[in-house]
Structure formats: C-alpha cells, structure tokens
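Colleague: Sharing a structure below in structure tokens format, with a few things to ask.
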Amino acid sequence: MIRAMGLIIARDVRLTLRQGTDIIMILMFFLIATALFPLGVGPEPNILARMASGVLWVCALLAAVLSLDHLFQADYDDGSLDLLTLGPLPLELVVLAKVVAHWVVTGLPLILAAPVLALLLNLPVDGYAALFMSMALGTPILSLMGAAGAALTLGARRGGALIALLVLPLYIPVLIFAVGAMDAAIAGLPAKPHLLILASVLATALPLAPWAGAAAIRQSLD
Amino acid sequence: MANNFPVTRAFRGTALDCIRGDRKVFQGLNFAVPAGGVLVLSGPNGSGKSSLLRVMAGLLRPAAGRIFHSGAEIRDDPDAHRVDLHYVGHQDAIKPALSVAENVMFWAALHGMRNDEAVQAALSAFDLRDLADLPGRLLSSGQRRRANLARLAATPAGLWLLDEPSVGLDAASTQSLEDLIAAHRKTGGMTVVSTHTALQLGEVKTLALDHFEPTAPSILDDEGSA
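Sequences listed follow chains D and A, in order. Going by this note's numbering, the first residue of the first sequence is number 32, and it counts up by one from there. Going by this note's numbering, the first residue of the second sequence is number -12, and it counts up by one from there.
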C-alpha cells in the first residue's frame, strides 16, 4: 500500500517536473504578488515590516490556490482518474498520495522562497523562525484542504475560479494562526501556542481531507 | 474474503436500472458471464453500452439491481471486485509527459506487478517495443489506444470490461486484441466488450441493449430535457 502510494507520488512529481512550467509559474506568482505591495504602499521600511507576515501568507495562499486546478483535472480529463478509482489502492489513499505530490511541487518551493521574499519586505529578524515553522505546518494544510476543494469542482465549468471561492474561506484559520505565530515572535512573545493550533489543524485535515476528496471524486465520476 | 474465485468465478447482474440525468437509459437488465465467457454489448449510439460498462466496473451506481462478481455482490465487497478488474474506457489515460513504457509500467506497478519482463511482453503484444521511449504526446490515437490496451496484457485480472476497444486500431492490432482476449478466455477470464466493428472472438453471447429500453419513454415526460 505504501509502495502504491509511492508510485503515485513519484508519477505526479515526475509529471510536474517534466512539464516544468507549473512550479515556475507558482513561484513567479508568489514573487510578483509579494513585490506589488512595496510598490503599492510605498517603500517605507517600517510599514513593510509591519505588513510582512500578513502579505507573505496571503500571497502564499493565493499561489497555492492557483496550483490546485491541476491536481485532479488532468487525470479526470484523460480517464486516469477512472483507473485510479478502480485500482487496488483505496481512493482515499490515492488522494493522500496526490496531496503529498502536490505539496512537494508547490508547498516545498513556497517554503524555500518565503525567506527571500521576507527580505524584500523587511521582515524583522525575529520573525524568520516562526515564518519557517508556520510555513512547514501550514503548506501541507493548504494542499490537503485544496485537494478536497479541487475534487469538489471536478466536472464543473470554470472550475479554477470555483476552487478559489470554495477553498480560500477554508484557508482563513491557517492565515490567522500562521500570521499570529509570526507577529508573536516579532513582538517577543512565544509563537508556540499559534503553531500548536496550526499543528492541530493539520492533524485534523490529514484524515478528513482525503476522505472528503475521495467522496467528491466518486460523486464526479458517477 | 478473497481467492475463492476458481470455483465460483462468474459475473452477473440482475434487474439493473440505470438513470443518467433525468433519463432512464435501461431498465430490468440481466446479464451473466460464465468463466471463460465473452459478452458482447450491441446497440445503437446512446443505447447505454458505456453506461452499463461503467455500472459493471462500479464507477456508476445502478438505480436498482444487483451485480455479483464471483459470488460476492460488488456493493458489499468493492475492493475484491476492483482488484480483479481491468477497465478500458473511451479515454486512454496516457500521460503526454511520460513515455509509453513509463505509462504502461505505472499501471502495471500499481496493480502489484514488479516484473519488468511482463511489461516488456505486454508492450510486444501490441508491437510497442519500438515506441517504448516515445513520450505520450507524440502518439497517434491508435498508438495511444494500443498503449492503453497493453495494460491488459501486463497484469492479470479475472474480468475485463472493454468499451469499444478496437476504435482506432489497425488490422494487425485488432488481431492482437482478439488473440489477447482468446488467451484470457483460456485461463477462465471473463470479458464484457462493447463494439460496433465485428471482432473475431469465437463463441460469444450477445446482449442487445435496445431490448432494455424503458417501456415508458422516460421517467419524465420529455426525453431531451436534461
């Protein structure tokens, strides 16, 4: 079972890497969207430092949403999803494997890019550890919840826009507690309570999101 | 509850109804495929051949009726049903960015085949050895179909559900498909195939789907409304 999940993860990662443009597009979006803020509000270092945690996370959320319509749509269009549903691996684990692959090709690059963009926004030094921790806990949640949303919109017209409408409200707790952790760290307060809440959201989404996603996929094939 | 199939291997359905949108596609449909048997689905476009195959695979839920695979009802034991099943639909599930060999190998490995020779043999069965390293996006529709059919040869499964498998195939590949089904039958494998072209499959049973059209024109008054 682990082996079958590994196969799906390897296949999805390989497909994304071969197509190449997906990762670059998401990273470029993250970069450009973040860079718009200094241009919009002016290059005042203090203002930027005050906004940095929120801006970074909002842009990361939007970049993650941008990548979601590829998650199941290609497999749905070419019939692969039929075969994955009929394959020996339970559909819930297929969804989980695809979530892991999605995180590797989007969550991980976002984590790596975030500190560079934090420099651009003059994030106070104390915030970097909390940025990394909140990204490490938060991006898997984005992939998990996003997968459930992407599965729900399969077969819908204009699925991409619909995913954003469905998923962004679900991302609000992640945004609140991730930014809370960073702001606490910057203010010299412990970030741990916020991070623990993020971890508990992750622990809840880990079993529930694949289950919801699998149910939505079955519905879309019916 | 696995592995009692050598004794009771059979695939049958009773009193199946299928509703798509607001329209009844067929009702009261019965079928039975014995071990080694081939069931050919015939009927005009839209008569419900693809829907029936998706119902048989478990992708669609029938509105009524029951389906048994080797004694167990597939609703009760969907895992045992899926593990012993190959489904070939209209779409070929070939990834443009993966080579032919990688495409076939992925599905074979997912079904637990670790043996590379079996994959090579499956590629040879549809004359794909020369195309093995070609990415899926460069294949013609017939070649994509052959790569999809190679899944059948790569891993064993007791039940094959084939939705117009010969579409786009040339004469030699159609022959390969017929040979493959013949070999599958010899081992007691069951096949349900919908087709418009006459496949040479030896002794087969035919199920004409136009016999199962609803007696009332539709459950709603206007057929085209959905």
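Backbone N, C-alpha and C fix where the C-beta goes; we use that ideal spot for every residue, glycine too.
Just curious, the beta strand (DSSP E) that H56/A is in, first and last residue?
Modeller: Looking at the DSSP string, the run of the beta strand (DSSP E) that includes H56/A is 51 to 56.
Colleague: Would you decide whether L143/D is buried or exposed? Buried here means 16 or more other CB atoms lie within 10 Å of its CB.
Modeller: It is exposed - the Cβ of L143/D has fewer than 16 other Cβ atoms within 10 Å.
Colleague: Can you confirm whether the segment 158 to 166 of chain D touches the segment 62 to 72 of chain D when touching is taken to mean that 3 or more C-beta pairs between the two stretches lie within less than 8 angstroms?
Modeller: Too few Cβ pairs lie closer than 8 angstroms, so no.
Colleague: Closest by CA to L183/D, which one among L46/D, V210/D, D100/D, L154/D?
Modeller: For the residues L46/D, V210/D, D100/D, L154/D, the minimum Cα distance to L183/D belongs to D100/D.
Colleague: Going along the chain, which residues of its own chain have a beta-carbon closer than 6 angstroms to the beta-carbon of L239/D, five neighbours each way excluded?
Modeller: Counting only Cβ-Cβ distances below 6 angstroms, and skipping sequence neighbours, we find nothing.
Colleague: Between K82/A and chain D, is there a C-beta pair that is closer than 8 angstroms?
Modeller: At least one chain D Cβ lies under 8 angstroms of K82/A.
Colleague: If the cut is a Cβ gap below 7 angstroms, which residues of chain A does A128/D touch?
Modeller: Chain A residues near A128/D: none, gap ~10 angstroms exceeds 7 angstroms.
Colleague: At which residues does the alpha helix (DSSP H) containing I63/D begin and terminate?
Modeller: Element bounds for I63/D: 52 to 72.
Colleague: State yes or no: is the C-beta of L141/D within less than 8 angstroms of the C-beta of F61/D?
Modeller: Contact: yes.
Colleague: Can you tell me the Cα-Cα spacing of L40/A and G76/A, whole angstroms?
Modeller: For L40/A and G76/A, the distance between alpha carbons rounds to 9 angstroms.
Colleague: Does the distance from the C-beta atom of I54/A to that of G0/A stay below 8 angstroms?
Modeller: Yes, the Cβ-Cβ distance between I54/A and G0/A is below 8 angstroms.
Colleague: Does any residue of chain A have a CB that is nearer than 8 angstroms to the CB of D214/D?
Modeller: Chain A, which has no Cβ nearer than 8 angstroms to the Cβ of D214/D, makes this no.
Colleague: Looking at A140/A and V87/A, is the spacing between their C-beta atoms short of 8 angstroms?
Modeller: Not closer than 8 angstroms, so no.
Colleague: For a test of your reading of the model: does the CB of A222/D fall under 7 angstroms from any non-hydrogen atom of the ligand GDP? Yes or no.
Modeller: Ligands are entirely absent from the displayed structure, and the ligand GDP is therefore not among its contents.
Colleague: Would you decide whether T47/D is buried or exposed? Buried here means 16 or more other CB atoms lie within 10 Å of its CB.
Modeller: Burial call: buried.
Colleague: Whether or not the segment 108 to 127 of chain D and the segment 62 to 74 of chain A are in contact is what I'm after, with contact meaning three or more pairs of Cβ atoms, one per stretch, closer than 8 angstroms; do they touch?
Modeller: Cβ pair count under 8 angstroms is three or more, so yes.
Colleague: Give a yes or no on whether the minimum CB-CB distance between R189/D and chain A is below 8 angstroms.
Modeller: No, R189/D does not count as interfacial toward chain A.
Colleague: Within 8 angstroms of any Cβ in chain D, is that where the Cβ of L35/A sits?
Modeller: One point to set straight first is that residue 35/A is Gly, not Leu, in the sequence displayed. No, its Cβ sits nowhere closer than 8 angstroms to a Cβ of chain D.
Colleague: State yes or no: is the beta carbon of A182/D nearer than 8 angstroms to at least one beta carbon in chain A?
Modeller: Cβ-Cβ to chain A under 8 angstroms: no for A182/D.
Colleague: Could you check whether V232/D and V205/D sit closer than 8 angstroms to each other, using their CB atoms as the reference points?
Modeller: Cβ atoms of V205/D and V232/D: closer than 8 angstroms.
Colleague: Assign L49/A to buried or exposed, taking buried as 16 or more other Cβ atoms, counted over all protein chains shown, within 10 Å of its Cβ.
Modeller: For clarity, residue 49/A is Pro in the given sequence; the question names Leu instead. Answer is buried; the Cβ neighbour count reaches 16.
Colleague: Kindly indicate which three-state DSSP category D4/A falls into: helix, strand or coil?
Modeller: DSSP places D4/A in strand when its eight states are reduced to three.
Colleague: Anything in the segment 42 to 66 of chain D with a Cβ closer than 8 angstroms to a Cβ of chain A? List those residues in chain order, please.
Modeller: Residues R42, R45, L46, R49, Q50.
Colleague: If we ignore side chains and look at the alpha-carbon of each, how far apart do N90/A and A212/D end up?
Modeller: One C-alpha to the other measures close to 44 angstroms.
Colleague: So the alpha helix (DSSP H) M166/D belongs to, where does it begin and stop?
Modeller: Here the alpha helix (DSSP H) through M166/D covers 158 to 183.
Colleague: Looking at chain A, which residues of the segment 101 to 113 of chain D have a Cβ within less than 9 angstroms of any of its Cβ atoms?
Modeller: Cβ contacts with chain A: A105, D106, D108, D109, G110, S111, L112, D113.
Colleague: Here's a check: name, in chain order, each residue in its chain whose Cβ is nearer than 8 angstroms to the Cβ of L124/D, leaving out the five neighbours to either side.
Modeller: These residues qualify, in order along the chain: M32, A35, M36, P241.
Colleague: Within 10 angstroms of its Cβ, does S34/A collect 16 or more other Cβ (buried), or is it exposed?
Modeller: It counts as buried.
Colleague: Suppose you measure from the CA of Q130/A to the CA of M43/A; what does that come to, to the nearest Å?
Modeller: About 26 angstroms.
Colleague: I want to verify the contact list: residues of chain D whose CB lies under 8 angstroms from the CB of V70/A, in sequence order.
Modeller: Here the neighbours are P119.
Colleague: Are the beta-carbon atoms of L199/D and L92/D separated by less than 8 angstroms?
Modeller: Their beta carbons are under 8 angstroms apart, which means L199/D touches L92/D by this criterion.
Colleague: Nearest chain D C-beta to A105/A closer than 8 angstroms, yes or no?
Modeller: With 8 angstroms as the cut-off, A105/A does not count as an interface residue toward chain D.
Colleague: Does any C-beta atom of chain D lie closer than 8 angstroms to the C-beta of Q78/A?
Modeller: Chain D, which has a Cβ nearer than 8 angstroms to the Cβ of Q78/A, makes this yes.
Colleague: Which of helix, strand or coil does DSSP assign to P21/A?
Modeller: In this structure, P21/A counts as strand in the three-state DSSP scheme.
Colleague: Hey, how far is the Cα of L121/A from the Cα of R45/D?
Modeller: So the two alpha carbons sit approximately 16 angstroms from each other.
Colleague: Cβ atoms of S38/A and V12/A: under 8 angstroms apart, would you say?
Modeller: Their beta carbons are under 8 angstroms apart, which means V12/A touches S38/A by this criterion.
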